[in-house]
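Using my numbering, you'd call the opening residue of the sequence shown number 8 and step up by one each time.
C-beta atoms are modelled at their ideal positions from N, C-alpha and C, and glycine is treated no differently.
Fair warning: this is a prediction, and the values are worked out from it, not measured in the lab.
Only one structure is covered here, and it is reproduced in the block below.
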Amino acid sequence: MDQGNCPKAVEIVEVGPRDGLQNEAYLVSTADKIALVERAIDYGARRIEVTSFVNPRRVPQMADAEAVVAGLPQRADVTYIGLALNMRGAERAIAAGLDEVGAVCVSTDSFAMRNQGQSCAESVDVARDIVALAKASGRSASVTIAAAFGCPFEGDVPAEHIVGMAVRAAENGAREIALADTIGVATPAQVSRLVRMVRAAIAPTPVRVHFHNTRNTGIANVWAAVSGGVSIVDASLGGLGGCPFAPGASGNVPTEDVLYMLERSGIWTGLTIDRALAASAWLGGVMGKSLPAMLGRAGMFPGNAATVGVKAG
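Shown next, in the form of structure tokens:
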């Protein structure tokens, strides 16, 4: 396997409590959401997207955002992230006491209007305003470009358009710019090209990636991004996830499957695979169904302990 420009370590941002649950019909209790975060901390996650501050009528699963945040363990070594699509949501996230606000801009007008009632350009402006608000409040903020690899309504999105969005979104101090394959259409070659272009355009601001496994290319796309030098990857425990406003979008890349690939490739993550597997089994019980992740079904490679890999020197 070509190691390319792989970093020695990759930070996993656990998005299961938010993106993993938001599209699920079964309403998970506040207590179980908090327990999911606690289990993520136990297996080593130190940046966790815990909820979103959105209209509960549109995303009922996130109606208890403030209650979830209020119940989180107080940890100086953990960054809790709350997603916000507008300034009202960002104000709620900051008032709730979150460490980081995740803003979102959308690559096309069609999807942006369905997702947050804004045009593409307006969504970039709002994301920039959210970053400014978060920084003024002593918080950090990142910006995700949704549908960066393709739109469910308009199809292919020119790479140059995404680069332009990334440059504008990064201008006022975003912690990082995340490229999201919201509907799972990306391929490794496309990922390599876009990552290379965006990294060059916004350096030194880091690039983060967020992949869905809708067409079974998610793990390959993670490797393409990491091979291109990306060192921050979103993943969702068990492979749950989806977007309420993107028809056919299915689960995120599973945390445990990403860990297996990276650790076996000699890339340190700081997460413990056997604890992630145990947490995934617990989550499947909460949801009352088998989860999409493959590692829990296949098991670890014989003779290899399911533990944290040795950090590269």
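Report all residues from its chain with a CB closer than 7 Å to the CB of Met204; omit the five preceding and five following residues, and keep chain order. Within the sequence shown, the letter at position 197 stands for residue 204. Ala166 and Val170, listed in sequence order.
Span of the beta strand (DSSP E) around Pro118: Walking along the sequence shown from the start, residue 118 turns up at place 111. Residue identity differs from the one stated: residue 118 is Phe in this sequence, not Pro. Where Phe118 is concerned, there is no enclosing beta strand (DSSP E), although the alpha helix (DSSP H) it sits in stretches over Asp116 to Gln123.
Inter-residue Cα distance where the pair is Arg54 and Glu45: Taking the sequence shown and counting its residues from 1, the one referred to as residue 54 is at position 47. Taking the sequence shown and counting its residues from 1, the one referred to as residue 45 is at position 38. Computed Cα separation, rounded: 12 Å.
Touching by the beta-carbon criterion (3+ pairs, under 8 Å), the segment 278 to 297 and the segment 222 to 237: No, they do not touch.
DSSP state of Arg200, grouped into three classes? Counting from 1 along the sequence shown, the entry for residue 200 is found at position 193. In the structure shown, Arg200 sits in a helix (DSSP, three-state: H, G or I).
So, under 8 Å CB-CB, Ala185 and Ile152 are touching, yes? Tell me the CB distance rounded to an integer number of Å. If you number the sequence shown from 1, residue 185 lands on position 178. If you number the sequence shown from 1, residue 152 lands on position 145. Confirmed, Cβ separation roughly 7 Å.
Ordered along the chain, which non-local residues of its own chain (more than five positions away) have a Cβ less than 8 Å from that of Ala74? Indexing the sequence shown from 1 puts residue 74 at position 67. Excluding positions up to five away in sequence, the list reads Thr37.
Counting C-beta neighbours from all protein chains within 10 Å, is the total for Pro299 16 or more, i.e. buried, or is it exposed? Your numbering for residue 299 matches position 292 in the sequence shown. Label assigned to Pro299: buried.
Short Cβ contact (7 Å threshold) for Ala231 with Ser272: Here residue 231 refers to the residue found at position 224 of the sequence shown. Here residue 272 refers to the residue found at position 265 of the sequence shown. No, the Cβ-Cβ distance between Ala231 and Ser272 is not below 7 Å.
Alpha carbons only, please: which of Glu21, Ala139 and Ala100 is nearest the one belonging to Asp264? Position 257 of the sequence shown, counted from the start, is the residue given in the question as residue 264. Closest option to Asp264, Cα to Cα, is Glu21.
Do the segment 110 to 128 and the segment 74 to 84 make contact, defined as three or more Cβ pairs closer than 8 Å? Output reads no: the segment 74 to 84 does not touch the segment 110 to 128.
Sheet register partners of Cys158 (DSSP bridge): On the sequence shown, residue 158 is found 151 positions in, with the first residue counted as 1. Cys158 pairs with Gly162.
Simplified DSSP assignment, three categories, for Glu263: The residue you call residue 263 lines up with position 256 of the sequence shown. Of the three classes helix, strand and coil, the one that applies to Glu263 here is helix, per DSSP.
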